[in-house]
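Position 22 (the sequence shown) corresponds to 22 in full-length UniProt numbering; numbering is contiguous.
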Amino acid sequence: MTDPTYLSLGLPPTASPLAVVRAAVRALHPDTRAVCGLRTARKRFYRQMLCAHAARQAAGDSLTG
């Protein structure tokens, strides 16, 4: 099962990891990106999006979200 947050990014399975991180950064509210205390949570979110993307690529999923 693919993460619903990852699906909301609307990325094709062929997207690069850099494109995934860029889309994940854009998905976060600017205030969330500005708080230094949330750095660990942001990194965890980016890793989750990258893992969901890798799982989607491995499954050969062709849905765009």
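Virtual Cβ for every residue (Gly too), placed ideally from N, Cα, C.
- Residues of the same chain with a CB within less than 6 Å of the CB of Gln-57, apart from the 5 flanking positions on each side, are Pro-13 in chain order.
- DSSP, reduced to helix, strand and coil, places Asp-31 within a helical segment of the structure shown.
- Judged by their CB atoms, Leu-38 and Pro-17 are not nearer to each other than the 8 Å cut-off.
- Each of Val-21, Ala-55, Gly-60 and Ala-15 was checked against the Cα of Arg-42, and the nearest Cα belongs to Val-21.
- In this structure, the alpha-carbon of Ala-23 lies about 6 Å from that of Leu-9.
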